[in-house]
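In the working numbering, the protein residues as written are 192 to 487.
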């Protein structure tokens with residue numbers, strides 16, 4: 192890998208000059224550099240482990256490479272009913288289940304922003320009318336989530352649960368009992384590297400302020416997942432989402448050990464979107480769970 196890094200140090204300035212002189216825009220140059228960086232990261236021995244999920248990632252409609260990781264997980268464990276639930280879906284064009292919806296899956300979306308909901312109702316009206324997509328406008332919290340899931344017609348086993356509310360993700364996942372997902376995709380706060388175990392104090396009125404004050408560390412989510420019967424099987428390359436598979440489905444299909452130490456990825460947002468690698472620092476209270484102590 193030293194040879195690869197040295198080669199990239201030599202290549203990248205030349206690549207920039209070639210692209211700029213050829214008339215490429217700065218955005219195109221950025222995309223080319225991000226592709227080089229992704230290639231370098233995925234060429235490592237760690238990423239090439241066939242049981243690790245990183246090498247299978249790709250971006251269709253997801254924020255980063257989650258679409259490919261989800262596809263690979265279900266290639267390994269199979270899909271039961273091809274059903275999904277996701278809350279915090281934005282305007283519908285960038286989330287972890289639109290790719291599944293367009294591929295014939297059926298599911299439930301919950302979104303709090305009114306304008307986003309209206310955009311979804313307009314752009315995906317045929318899926319909604321046909322019953323393939325159920326859409327609710329609601330602010331999700333730990334007290335209403337099970338009611339919302341049941342009202343949406345979902346109970347018992349579902350294939351995929353996606354949690355992306357940039358705040359109370361940990362507490363809402365902890366509260367969910369109405370459904371028994373086979374796979375869970377949840378955001379983690381990559382500011383806190385393993386073994387630190389922290390979670391933002393629960394605030395039902397919390398609204399993300401675009402800083403790194405949000406959510407829970409990967410170690411805290413690892414412990415919560417274990418309590419709920421899930422193994423941490425990987426994270427996306429951008430260091431945003433973690434993937435958990437129900438323990439009865441894991442077998443020998445994924446990279447062990449199923450720990451935050453093994454699967455943690457740092458924030459690399461710029462690999463896929465035009466923004467800095469990490470969010471700016473923000474202030475707020477966290478519940479410190481210690482380096483090893485599981486959450487209460």
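Every residue, glycine too, gets a C-beta built ideally from N, C-alpha and C.
Relative to residue 447, the option among 423, 227 and 437 whose CA is nearest is 423. Around residue 426, the same chain offers 433, 454 and 456 as residues with beta carbons nearer than 6 Å, after the five sequence neighbours per side are excluded.
Assigned with DSSP and collapsed to three states, residue 450 falls in coil, not helix or strand. Within the stretch 281-340, complete alpha helix (DSSP H) segments of at least 4 residues are found at 289-293, 305-314 and 316-320, given in chain order. For residue 234, no alpha helix (DSSP H) encloses it, and the DSSP letter there is neither H nor E. Within the stretch 422-477, the runs of alpha helix (DSSP H) at least 4 residues long that lie entirely inside it are, in chain order, 438-441 and 451-454.
Approximately 6 Å separates the beta-carbon atoms of residue 339 and residue 327; this is inside 8 Å, confirming the contact. Linking residue 375 to residue 351 through their CA atoms gives a straight-line distance of about 6 Å. When DSSP assignments are scanned along the stretch 388-421, the uninterrupted stretches of beta strand (DSSP E) that are 3 or more residues long and fall wholly within it turn out to be 389-391. Bounds of any beta strand (DSSP E) do not take in residue 240, whose DSSP letter is neither H nor E. In the three-state DSSP reduction, residue 360 falls in the helix class (H, G or I). When rounded, the separation of the alpha-carbon atoms in residue 224 and residue 383 is 27 Å. Among the bridge pairs identified by DSSP, residue 370 is matched with 347. Annotation for residue 257: the continuous alpha helix (DSSP H) segment containing it runs 257-268.
Each residue's CA atom was taken as its position, placing residue 405 and residue 480 some 16 Å apart.
Per the DSSP secondary-structure output, residue 278 pairs in a beta bridge with 301 and 354. Between residue 393 and residue 362 a beta carbon distance of about 5 Å is seen, short of the 8 Å cut, so the two are scored as contacting. Around residue 332, the same chain offers 395 as residues with beta carbons nearer than 6 Å, after the five sequence neighbours per side are excluded. In the same chain as residue 278, and ignoring 5 residues on each side of it, the C-beta atoms closer than 6 Å to its own belong to 301 and 331, in chain order. Here residue 229 has 462 as same chain residues with Cβ atoms under 6 Å from its own Cβ, once five neighbours each way along the sequence are excluded.
The stretch 279-288 makes contact with the stretch 306-314, as at least three CB pairs between them are under 8 Å. Here residue 268 is buried. Its C-beta has 16 or more other C-beta atoms within 10 Å.
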